[in-house]
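**Q**
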Amino acid sequence: MNGKNGQTDGNGINGSNGHGIGGGNGHGGSRRALITGVTGQDGSYLAELLLAKDYEVHGLIRRSSTFSTGRIDHIYDDPHRAQVNLKLHYGDLTDSTGLRRIIEEIEPHEVYNLAAQSHVRVSFDQPEYTADVVATGTLRLLEAIRDYMAISNNRPRVYQACSSEMFGSSIPPQNEMTSFHPRSPYAVSKVASYHYAVNYREAYDLFVSNGILFNHESPRRGGTFVTRKITRALTRIKLGLQEKLFLGNLDAKRDWGFAGDYVEAMWRMLQHDRPDDFVVATGETHSVHEFLESAAGVLDMDWRAIVEFDSRYLRPSEVDVLQGDASKIHRELGWKPTVNFERLVRMMVDHDLNLAQREQTLVDAGHVTRMQASGDE
Ligand code: NAP
Ligand code: G4F
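Using the numbering used here, read the sequence shown as starting at 167 and increasing by one per residue.
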């Protein structure tokens, strides 16, 4: 990793492969933002938004044996070039020493805490790890910022990614006044992160805002979340690259918006004159069944012939209906979604149909097998 003088750490990861991780602060006049979870769906859209607003963007990235930067490769440049506005730093929400060092080095004006083990079903398999990253990880970051405030004259503004999952079984529509009834280890951990943020606001005057975001999707959505799982599978089945789609509960209802709209809401929260908590949602709710129907409609397919039930995708306790009331953020920050349900489904289907067509070209030319094309092999 690059240090303050721009030297490399000697581990050979910087440079020409396009995945170099550089950390030199090289502070210029622009505003600096740190994004944890920059390689995720939201992190990639937020990094794009902040770069377009001339921020110097710093992203926290986990070490892994394969590259995880696919969603940000198009905005990432070789750190050896002079004018690089996206800088990546190795770190992890389970490692408080590293978080402190990075905050002190970057001296951020804004911190967006998006990193999480974000899969609800997986949180039942890995509850302790989920709590460590989502709940205690948030605490570690807030502590690092609190200590940084004590040794500097700076007061970074912090965005905490909370979730509509915190409402769980509370009656819809849910807003900032609705009580929490979390139904998974993930949701319990997000409730803890919410309360840590409120407590640090009250106890230490931290500028920290909780975004209570309802489900938001995009062509960059991870492939194991239900919307992307559906659009990937239906488009591959349409082209003969796959035969079946196995799903769990089709009756659950979600308030699905577009991730690109939702990162704008995050940014607006940190431009507000005071820290606060905001629900971000479209106000519409649709079942998984309706999402299937709509995606199949775009492709002129009959989903009933290809979808099969698999109990492995059920959750020990389910969240039946989420529907947000986002009137507070409409009123106070002027934020509104621009993409409705039908447009979101079409956007994801169109993207994945194009992806499937490219896979098919490789399969037809004998370059890869069907399994390799799907990424399953
Ligand atoms: P995502 O695509 O799953 O991205 C999660 C990010 O967190 C990835 O960059 C991941 O890195 C990183 N991460 C995971 N564990 C980490 C750790 N221990 N240390 C550092 N980084 C770690 O999630 P998303 O959909 O963008 O969501 C962003 C945030 O909003 C999450 O906190 C999520 O819980 C919350 N949220 C999401 C939604 C939604 O509908 N999308 C709704 C409400 C709240 P790798 O790339 O290395 O895995
Ligand atoms: O797409 P999902 O896995 O999203 P879920 O559980 O609502 O969580 C997402 O949204 C939260 C905000 O409310 C975020 F905080 C969280 O990080 C994540 O981004 O599941 C949606 C619904 C569930 O009811 C699930 O039971 O789809 C149902 N479902 C049915 N079959 C399935 C499947 N979900 C998945 N992932 N895979 C299935 O095969």
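Think of the CB as a built atom: it goes at the ideal place given N, C-alpha and C, for glycine as much as any other residue.
Identify the residues that DSSP records as bridge partners of Y325: which are they?
**A** DSSP output for Y325 lists Y278 and S375 as bridge partner(s).
**Q** Can you look up H246 in the DSSP assignment and give me helix, strand or coil?
**A** coil
**Q** If you count every other CB in all the chains shown that lies within 10 Å of the CB of N520, and 16 or more means buried, which is it?
**A** exposed
**Q** For N251, which residues of its own chain have a beta-carbon under 7 Å away from its beta-carbon, when the five flanking residues on both sides are left out?
**A** L217, E222 and V223
**Q** Which class does Y221 belong to by DSSP, given the choice of helix, strand or coil?
**A** coil
**Q** Considering only the beta carbon of each residue, do Q450 and D421 sit closer than 8 Å?
**A** It is Glu, not Gln, that sits at residue 450 in the sequence shown. Yes.
**Q** Do N506 and T448 have their CB atoms nearer than 8 Å?
**A** yes
**Q** When you compare the stretch 235–244 with the stretch 260–271, are there three or more beta-carbon pairs, one atom per stretch, that lie closer than 8 Å?
**A** no
**Q** Do three or more CB pairs link the stretch 276–288 to the stretch 201–219 at distances below 8 Å?
**A** yes
**Q** Pick out whichever of W433, E459, S477 and I378 has its Cα sitting closest to the Cα of A471.
**A** E459
**Q** Excluding five sequence neighbours on each side, which residues of the same chain lie with their C-beta closer than 7 Å to the C-beta of V487?
**A** P338, K419 and T451
**Q** Distance check for H255 and S231, CA to CA, integer angstroms please.
**A** 16 Å
**Q** Out of K395, A431, M332 and Q292, state which residue places its alpha-carbon closest to the alpha-carbon of W501.
**A** A431
**Q** Apart from the five residues on each side of it in sequence, which residues of its chain come closer than 6 Å, Cβ to Cβ, to G209?
**A** I201, G203 and L280
**Q** With respect to 7 Å, is the separation between the Cβ of A418 and the closest non-hydrogen atom of the ligand G4F below this value?
**A** For the ligand G4F, at least one heavy atom lies less than 7 Å from the Cβ of A418.
**Q** Using the C-alpha atoms, what's the distance from H347 back to I187?
**A** Only weak support exists for where I187 lies, its pLDDT of 44 falling under 50; the value from the coordinates is given anyway. Distance between the alpha carbons of I187 and H347: 40 Å.
**Q** Roughly how many angstroms lie between the CA atoms of K219 and D468, to the nearest whole one?
**A** 44 Å
**Q** Note down, in chain order, each residue of its chain lying with its Cβ closer than 7 Å to the Cβ of R312, except the 5 sequence neighbours on either side.
**A** Y366, Y370 and L372
**Q** L407 to H517, Cα distance in whole Å?
**A** 16 Å
**Q** What residues in its chain sit with their C-beta under 6 Å from that of R228, if we drop five residues either side in the sequence?
**A** D258
**Q** Between the C-alpha atoms of S493 and I378, what's the straight-line distance to the nearest angstrom?
**A** In a straight line, the C-alpha of S493 is about 13 Å away from that of I378.
**Q** My understanding is that R386 touches A522, with C-beta atoms under 8 Å, so please give their C-beta distance in whole angstroms.
**A** The pair is not a contact, with the Cβ atoms about 16 Å apart (cut-off 8 Å).
**Q** What is the DSSP secondary structure of V354, counted as helix, strand or coil?
**A** Residue state for V354 is assigned as helix, using DSSP reduced to three classes.
**Q** Below 8 Å between beta carbons: does that hold for Y362 and L308?
**A** yes
**Q** With distances taken between CB atoms, is the gap from G532 to D476 smaller than 8 Å?
**A** no
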